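Asker: Numbered according to numbering that gives the first Met the number 0, the sequence shown spans residues 0 to 53.
One structure is given below, represented as structure tokens, and several questions about it will come after.
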Amino acid sequence: MRAGMDYYAHARDTRMLLERLARTQPTTLACMHGSSWRGDGEKLLLALADTLER
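Next comes the structure, spelled out in structure tokens:
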């Protein structure tokens with residue numbers, strides 16, 4: 000169901016902001032009402048930045 004929805008930011012500086020967050024090398028990401036995620040947050044944020052550019 001979510002594949003058809005596009006609810007992420009697509010501002011000109013979105014990639015820069017995600018890269019800036021990735022440089023903090025987070026180990027836990029918690030986004031609003033969803034589950035939290037533990038692991039390589041830097042890698043995950045950079046993958047999100049790549050996906051948003053498509």
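Just so it is clear, CB atoms sit at the ideal spot from N, CA and C, and this is done for glycine as well.
The structure presented is a predicted model; accordingly, all values stated were derived computationally and were not measured.
1. Name the two residues that bound the continuous alpha helix (DSSP H) containing R19.
2. How would you label L16, buried or exposed, when you count the other beta carbons within 10 angstroms and need 16 or more for buried?
3. Quick check on A21: buried or exposed, where buried means 16 or more other Cβ atoms within 10 Å of its Cβ?
4. Suppose you measure from the CA of P25 to the CA of L43; what does that come to, to the nearest Å?
5. In its own chain, which residues sit with a C-beta less than 8 Å from the C-beta of A48, not counting the 5 before and 5 after it?
Answerer: Here's the rundown:
1. As a first step, residue 19 must be located in the sequence shown, where it is residue number 20. Start and end: T13 to A21.
2. On the sequence shown, position 17 is the one that residue 16 refers to. It is exposed - the Cβ of L16 has fewer than 16 other Cβ atoms within 10 Å.
3. Position 22 of the sequence shown, counted from the start, is the residue given in the question as residue 21. Buried, by the Cβ-count rule.
4. The sequence position of residue 25 within the sequence shown is 26, counting from 1. The sequence position of residue 43 within the sequence shown is 44, counting from 1. Distance between the alpha carbons of P25 and L43 is about 10 Å.
5. Counting from one through the sequence shown, the residue named residue 48 turns up at place 49. Once the five neighbours on either side are set aside, the close Cβ partners of A48 are T13, R14, L17, E18 and A21.
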